[in-house]
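The next block holds one structure in the form of structure tokens; read it before the comments.
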Amino acid sequence: MLSLGDGSNTNTKLEAIFVFDWEFSTCAPTAFDLAHFAAELWLDARFNSEQRFQHGPLSQALLSAMFSSYRESGLDIDMQKVIYYLAGHICCFLKYVPRTDDSDLNKTVLGEAVLMMVRAKEERWAELSQDSTISTLLEASSITTCQTHNVQPLHLCPAIRPNNLA
């Protein structure tokens, strides 16, 4: 919902944006909520950049604001888990709800998501930050990269196994 000025036709200055998404109306692990949101923005940027849509700055601002809000509320954000969930979301949604009929592009994007998981597992943050969306996640509000060395890789769907990329 957008709040535009005082409601008159002459004052259309954007004063506020209110977002309510049913997917955020239940309790879930912090990493899951953040990753779901980030994954949709990542997918939008990845596929719509091919069509010359310019959502980048707005998406980055929304992502930064959301992560900063979680951080400022005192919640601990485990970036390793966020990236696992983010990449898993990308893999599952491309497998079951493809955004394009281009199977080569879908395979490329699946491969990128699997690489995200590998890099997160190996704590290769510099490589991950080369992606503008992931960089925003890592930079937003000085988010910590909490490392729990006992994190197990997520097996969200068959699509995340590298042998399914061939």
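Using numbering that gives the first Met the number 0, the final residue of the sequence shown is 165, and nothing's skipped along the way.
Heads up, the beta-carbon is just placed ideally off N, CA and C, and yes, glycines get one too.
- Residue state for Asp77 is assigned as strand, using DSSP reduced to three classes.
- At a cut-off of 4 residues, the continuous stretches assigned as alpha helix (DSSP H) that sit fully inside the stretch 60-141 are 78-95, 102-120, 124-127, 131-138.
- In the three-state DSSP reduction, Ala27 falls in the coil class, being neither helix nor strand.
- Counting only residues of its own chain and dropping the five nearest sequence neighbours on each side, Tyr69 has a CB closer than 7 Å to the CB of Thr29, Leu33, Ile76.
- Note on geometry: alpha-carbon atoms of Leu137 and Met65 lie some 13 Å from one another.
- The count of Cβ pairs closer than 8 Å, one atom from the stretch 116-123 and one from the stretch 93-100, stays below three, leaving the stretches out of contact.
- The C-alpha of Ala112 is placed about 14 Å away from the C-alpha of Lys80.
- Using a 10 angstroms sphere on the CB of Arg45, the tally of other CB atoms reaches 16 or more, which defines it as buried.
- Closest in alpha carbon position to Glu39, among Gly87, Gln129, Trp124, is Gly87.
- Under a 10 Å Cβ-count criterion, Leu85 is classified as buried, with 16 or more other Cβ atoms of the shown protein chains found around its own Cβ.
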